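In terms of my numbering, the sequence shown opens at residue 265 and continues consecutively.
In this text, a Cβ means the ideal position worked out from N, Cα and C, and glycines have one as well.
All figures in this text were calculated on a predicted structure; none of them were measured in a lab.
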Amino acid sequence: MTAPLSLALSNLDLLCASVEENLQETVQETRRNVLRMYRAIRKYDLAEAIRTGKLRMDPEPYPAAGILERVCTPLRGPAAERGVELRTAAPPGLIACCDAEAVGQVLWYLLENAVGAAQHGTRIEAAAERTEKGIRISVDAAGLRFDDGRERIETAPNASGLGLSRDLLRMQGSTLECLSREDGHAMVFVLPEGECGALRCPVPASPAVFGISEAELELSVLKSAKIRNESSD
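As structure tokens, this is what we get:
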């Protein structure tokens, strides 16, 4: 189902580049609708793979800064258009032992939700730091608050961005938490610290097209391949 939609997105890209200027907004709106459908189907597929046990986690040592930048880079443009500052903070040499694809998907959902809910002037920071329990990853949004954050995480539908983030982290032995402060809130989780030996590095994020990031398409393709491989074993 997603392959025809992916092809439709490519065709709409070509169409937008060739039609007259007065028709480009119509084509782009059609593309946004197709992309929303693609995302909804991919979320459902991913939730089903988790529910049926077909999704496999592949933990390996990855640089925390690389995972953060992979997701944040294509989101900075859409964030800036909303007047939102999106930045990362991670010391060099900080290694997390995790499934980088799954963690990247979690960060994408959390950051996309934060950017979408943020008002002009909001500052959002994706950060990593070493703690006694492991590598702490946080998405910190000053000026943005969630009511009953813990309850929202626990009751979020499985095929929602928040529900998938919760379940993908649980599969890695981690827990998604919402920490409230006077100036906003932070979504946080902790990953085991990895060794520098046999270090792996995530592939670069793909660029944004027409103001809509293609990073989720990339992550979805990677995850889809992992699901198919597991199903064929």
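6 Å CB neighbourhood of residue i in its chain, flanking five on each side removed
i, result
"LEU371", "VAL335"
"GLU441", "VAL452"
"GLY427", "ALA420, PRO421"
"ASP404", "GLU389, ALA450"
"ALA391", "ALA353, SER402"
Proximity to residue i [Cα-Cα], best of the options
i, options, result
"LEU350", "GLU446, PRO421, THR395, THR386", "THR386"
"ARG416", "SER429, LYS307, THR352", "SER429"
"ILE314", "VAL379, SER424, ALA343", "SER424"
"GLU457", "ALA381, ILE359, ARG346", "ILE359"
Beta-carbon proximity list for residue i, same chain, < 8 Å, skipping 5 on both sides
i, result
"THR395", "VAL454"
"CYS280", "GLN288, VAL291, GLN292, ARG295, PHE474"
"GLU418", "ARG430"
Residue(s) in a DSSP beta bridge with residue i
i, result
"THR395", "GLY398"
"CYS361", "PRO325"
"ILE331", "For ILE331, which the question treats as bridged, DSSP gives no partner whatsoever."
"SER444", "HIS449"
"LEU351", "One point to set straight first is that residue 351 is Arg, not Leu, in the sequence displayed. According to DSSP, ARG351 bridges with GLU389."
"LEU455", "ILE399"
Cβ-based burial, residue i [other Cβ within 10 Å; buried from 16]
i, result
"ASN377", "buried"
"LYS397", "exposed"
"LEU374", "buried"
"TYR326", "buried"
"GLN369", "buried"
"TYR302", "buried"
"ASP363", "buried"
"GLY317", "exposed"
"GLY448", "buried"
"VAL348", "buried"
"PRO356", "exposed"
Cβ of residue i within 8 Å of any chain D Cβ
i, result
"MET451", "Annotation note: the requested chain D is absent from the structure, which comprises a single protein chain."
Assumed close pair residue i, residue j - CB separation to whole angstroms, cut-off 8 Å
i, j, result
"ALA311", "ALA329", "No, ALA311 and ALA329 are not in contact; Cβ-Cβ is about 29 Å, not under 8 Å."
Residues of its chain near residue i, where Cβ-Cβ distance is below 7 Å and the 5 sequence neighbours each way are ignored
i, result
"VAL283", "VAL291"
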